[in-house]
Every structure is written in C-alpha cells, then in structure tokens.
Amino acid sequence: MRPFLAILSLCLFSQICAAQITMETERGEEGNMEIYATNSTFIPYTILLDYSELTNLTSTGSSAMVVARSGRSKVATLKRTVENQATNMSYTYSFIKGDYSRKSRGETVYLIPLPEGTIATGIRMTHIENRLQPKEENMDYVGVSFRFGLPTEVVAPRKGVVSEISMNKYSDKNNLDFDRGENFIELFHEDGSLTKIMVLSPGSEKVELGQVVFPGDVIAESSGEDYNSGFHVRLANMKPVKDGSTKLKYEMTPMKFFSKEGVSDVAEMQEIVVVHPEEVVTAEMNKKEKKAYEADN
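Residue numbering for the sequence shown is -18 to -1, 1 to 279, as defined by mature numbering (1 follows the signal peptide of the UniProt record, and there is no 0).
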C-alpha cells in the first residue's frame, strides 16, 4: 500500500502559508482517513481541499471547503468504503482568511468610520479595471469611499477583531487615483467576513492585532492628501467563496451605512452627516459587552 500524500499548493494573496496553516493526515479507526489543520493565527481560515486521488474512500466530491479554527482541529473525515481493502489519498489545499460557513444574525448596518458630526461625501468605488479603458465597464462591487475636508480620526465601522495591520507605507507621489500601497487595518467579524479600512496615515494605528474593537472606537488617523479626491477613507467587506472547483476568492458584499439622513448602501454619490446611534454601536455586542458599554455611558 502506497503512503498517502498531502501537497501544499500556493496560498492566495501571497501570504506566508507555512506560518499560518499546516495540514496533517492520520489513519483513524476502521481504516478512515482524518485530516487535521493547525492554524497559528487567532481567526479562522477557509480551506479548499482538492482531492487528486481517493482510493476506497467516500467523499461528497473531488473538492471540499472546510474551516480551520485557531490551534489544531480535525477538518475532515473520509470513511473507508469497503472493509479489508487498502485506502489511499492525495490532495492539495489552498486557504484564505475568514469563515465561509458563518451566517449573519440579521441585517448588518455599519457606522461611517469618521467622528460624529463629520460632513462627508459617500461614493461607491469603481473597479480598477475601469481605469484601464476596457471595452466593457466592470460593474462588480468593490466597496465605498467617504471623502471629507480635513484630517481626522478614523473609527471602527462595526465590531470586529483586528486581523491585520499594514501601516508602514509612505508615498512620495501626488495626484493619485489609486495606490496599491495603501495603508489599511482589517477587522474579522462574527459573521465570518472581513472589513478592510484603507487610506490611513502611516504609523498612526491605535489598535493591536487580536484586539476587539467596537463601532466608534478610534483605530487610526486619516490620509489621502496625495490623492486627486483629497482626504478620504475606503471600506470593503469580503467573505471567502468557492471560485470554480479548485480555487477560493473573496466575494465583496455591499455595505449599508447609518447617517443622519438614514440607512443607505451609497449606490449614488451623496453628502452625509455622520452620527453614531447607540443601536448601531451595540448591535453586535454580547450581554457582557452591552453592560460595560451602558456603565461607561
């Protein structure tokens, strides 16, 4: 009987794969195969297993999406089909941050990530492909931008765990429309999605990796003075989904924001006055967190 084999495939978005997710396969009871994932981070990752060989093992298909929690956990069990016959398995895997399997408990409304009273202009962002003069316009949703007149603090738009911080990029360019080197802070949410808050002043972060933040908490200082559009902050919410049979990708989810003018998904450019209503701030808090918030306010 040949040994089973697990082959590491390229991780998406050029992340340091080996340091985040590692996989092991063990033979379980009754000849079953058990796949374990070790996640060295504090947030879950979605993994796509792509089976290249399954001998005498039962699977629902040639690939499977699973979730690796923090630490070591069993992510899949493949049962032996026929007793007293050899089993064998080969697979590759890829992974990205986030949990595809979690569901939202209801409609999520975001704070505009600026201090209360700020007057901002909200505008839906356009896909980068549209700046390259394509034959057809790419209408895929890629997030929202809020423009404002003066430098200010940037706050968390909803409850989340700080899952990534990239705040060391300094630009020497002017009149920018887009910059791949934008500073950002990323939050992981209980519904399995991630929100990226971009165009932040380098080195201005007020939070740490793994910290839980609540709507209205200051996370950084604003930037954008080197852009044609001036000071602004960009947001994009994303969640892992399967892209074909052997790939994972992030699907961008339209966000709804609360302002003095009401709730809007910012489908059209509009001027907005920022407010932080208690019902939005506390919407995703648990009982203990709400009690602490009420005591402080």
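Ideal placement from N, C-alpha and C gives every residue a C-beta, glycine not left out.
Quick caveat, the model's predicted, so the values are computed rather than measured.
Using a 10 angstroms sphere on the CB of K242, the tally of other CB atoms stays under 16, which defines it as exposed. Annotation for S227: D32, S44, S45 place their beta carbon closer than 8 Å to its own, counting only its chain and skipping 5 residues before and after.
I167 is the residue among G142, I167, V143, S145 whose C-alpha sits nearest the C-alpha of K151. In the DSSP assignment, D278 falls within the alpha helix (DSSP H) that extends over 269 to 278. Of all C-beta pairs linking the stretch 46 to 61 to the stretch 9 to 21, three or more are shorter than 8 Å, placing the two stretches in contact. A direct Cα-Cα distance of roughly 43 Å separates I3 from V255.
Counting every other CB atom within 10 Å of its CB across the protein chains shown gives V215 a total of 16 or more, marking it as buried. According to the DSSP assignment, V263 belongs to the alpha helix (DSSP H) that extends over 260 to 263.
Between the alpha carbons of M237 and Y92 lies a gap of roughly 7 Å.
Distances from the CA of L39 to each of I25, I29, M15, V48 were compared; the closest alpha carbon is that of M15. Here the alpha carbon of Y275 sits roughly 55 Å from the alpha carbon of N70. Counting along the chain, H214 sits inside the beta strand (DSSP E) bounded by residues 214 to 225.
Residue burial is scored here from C-beta neighbours: L169 has at least 16 other C-beta atoms within 10 angstroms and is therefore classed as buried. L230 places its beta carbon 7 Å or farther from that of S41. For E243, the secondary structure class from DSSP, reduced to helix, strand or coil, is coil.
The shortest CA-to-CA distance from D173 to any of E266, E65, G192 is the one to E266. Setting aside the 5 residues that flank it on each side, S211 is surrounded in the same chain by R129, each with a C-beta closer than 7 Å to its C-beta; the list follows chain order.
Within the DSSP secondary-structure output, I167 pairs in a beta bridge with I147, I179.
In the same chain as V194, and ignoring 5 residues on each side of it, the C-beta atoms closer than 6 Å to its own belong to V143, in chain order. Residues N14, T40 of the same chain have their beta carbon placed closer than 6 Å to that of K61, with the five preceding and five following residues left out of the count. Pairing E233 with V248 gives a Cβ-Cβ distance that is not under 7 Å. When rounded, the separation of the alpha-carbon atoms in E98 and T74 is 49 Å.
Between V200 and E146, the CB-CB gap reaches or exceeds 7 Å. One thing to note: P139 has its Cβ no nearer than 7 Å to the Cβ of P184. N165 and L182 have their C-alpha atoms spaced approximately 5 Å apart. Burial state of P133 is exposed, judged by a 10 Å Cβ sphere holding fewer than 16 other Cβ atoms. Non-local beta-carbon contacts of V245 in its own chain, meaning distances under 8 Å to residues more than five positions away in sequence, involve V91, K238, F239 in chain order. Here DSSP, grouped into helix, strand and coil, assigns E65 to coil. C-alpha of H258 to C-alpha of E35: approximately 54 Å in a straight line. Per DSSP, reduced to three states, the secondary structure at E190 is coil, with no helix or strand assignment.
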